[in-house]
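So the structure is just underneath, and the comments pick up after that.
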Amino acid sequence: MASINDIANEFIREEIEEYLEQPDEIELTIEMFAQATPAMQDIAAALIDGDHHTVDEMTQAALEDGTEALEIMDDGLIAGMGVVGIKFRENFIFVPEVLACARAMKAGMAYIEPILSDSGIDPIGTVIMGTVKGDLHDIGKNLCIMMLRGAGFVVHDLGVDTSEDDFIEAVEEYEAPILGMSALLTTTMPNMGKTIDAFIDEDLREEVKIMVGGAPVTQTFADDMGADGYGKDALACVALAKKFLLEPDEEW
Ligand code: B12
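Take any residue in the sequence shown, note its place counting from 1, add 174, and you have its number in this note's numbering.
What follows is the structure, given as structure tokens:
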């Protein structure tokens, strides 16, 4: 088991000591950062600090040094956002600070995106992705889109606050066999179920495989609302989309 002294970055050590209270979260966070390189820890620290200029420069430098885009995304950007999420939940920081962190995340993702989205292979299928109605969170959805494009999918991004009708229209217009919905709020999660019901009402449910995700979503919730699959992260999102395509008749 790693200890806090295995983390090279002093700012991150202080953040963990000052803001994290739940033992399991402390343990997981220490494990996560202890296995990350000092350069990735520095990116995470700058993101937690909401410093988009530094995240921008460090991401570029890490790529130039030969670090894999996926490592920067996981060990730098997503790891940093994990700490931001805990501080926000515990009311140590508020929306303006989180927006600064989200801006820093986007500054890093701007370099990662073209790399992860460039599959260099022929398109393998079409996916419609959007964040559900009432929900403005798009960072996780955008990561999924990046990874799907990198795996060879053509993705039509409907953005945030997407209504049931917009999802239906897009699936019909692009004849997409796969739809992915993202939700980050417990209050907007039911809109995934409402969208699935709308597909049933329009007699289109059999035409499309529906996957769902987002921090509060669980496999049980996905099953209860009648989704075809749930993915916990962007890699799982790609794996699901591939399964839907290759084995469309399987139960998920
Ligand atoms: C950044 C953030 C914001 C930013 C969003 C910026 C943006 N452009 O997205 C801002 C500041 C705007 C914001 C606003 C609000 N937020 Co907010 N936010 C967050 C925060 C800190 C991080 C979310 C994030 O980006 N995570 C990083 C990404 C990479 O993770 P992810 O989204 O989970 O995505 C991954 C997986 O879930 C999965 N995935 C995601 N989508 C999909 C889809 C499919 C199909 C699949 C298979 C997988 C998949 O793959 C992704 C990549 O690995 C979370 C905390 C948290 N723990 O999640 C709170 C959080 C979601 N927010 C919260 C709240 C309350 C709000 C506000 C209501 C605050 C307010 N008082 O105004 C508003 C709501 C605005 C709205 N109508 O949507 C709460 C929700 C609580 C709840 N029970 O519902 C949280 C949990 C914070 C908390 N209190 O703990 N927020």
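Ideal Cβ placement from N, Cα and C applies to all residues, glycine included. Computed from a predicted model, the values in this text were never measured in an experiment.
For the beta strand (DSSP E) holding residue i, just list the boundary residues, first then last.
i    : result
G304 : G299 to T305
I246 : Neither: I246 is in no beta strand (DSSP E) and is coded neither H nor E.
D331 : F327 to D331
V386 : K383 to G387
Indicate the three-state DSSP secondary structure (helix, strand or coil) for residue i in the structure shown.
i    : result
W426 : Interpretation of W426 is limited by its pLDDT of 48, a score under 50 that renders its predicted location unreliable; the figure taken from the coordinates is listed afterwards. W426 falls in the coil class under three-state DSSP.
T233 : helix
L378 : coil
K416 : helix
I459 : Since the displayed the chain opens at 175 and closes at 426, residue 459 lies outside it and no answer follows.
T360 : coil
Who are the near neighbours of residue i in its chain, counting only those whose CB is closer than 7 Å to its CB and skipping five residues on each side?
i    : result
E245 : M214
E271 : G224
I342 : A372, F373, E376 and L378
D216 : N183 and M232
V269 : none
Taking 8 Å as the cut-off, decide whether the C-beta atoms of residue i and residue j are in contact.
i    : j    : result
A220 : A278 : yes
I408 : L317 : Inspection of the sequence shows that residue 408 is occupied by Ala rather than by Ile. Yes. Within cutoff.
G299 : G250 : no
V382 : L353 : yes
P297 : G326 : yes
I289 : A243 : yes
D402 : I384 : yes
M303 : V329 : yes
Y404 : A396 : yes
V386 : M366 : yes
What does a CB cutoff of less than 6 Å around residue i pick up in its chain, not counting 5 residues either side in sequence?
i    : result
A253 : M206 and A218
I267 : K261
G400 : I370
Skipping 5 residues on each side, what residues in its chain have a beta carbon closer than 8 Å to that of residue i?
i    : result
L358 : T305, D309, H311, G314, G388, A389 and P390
L194 : I200, T203, V257 and I260
For the alpha helix (DSSP H) containing residue i, list its first residue and its last residue.
i    : result
S291 : V269 to S291
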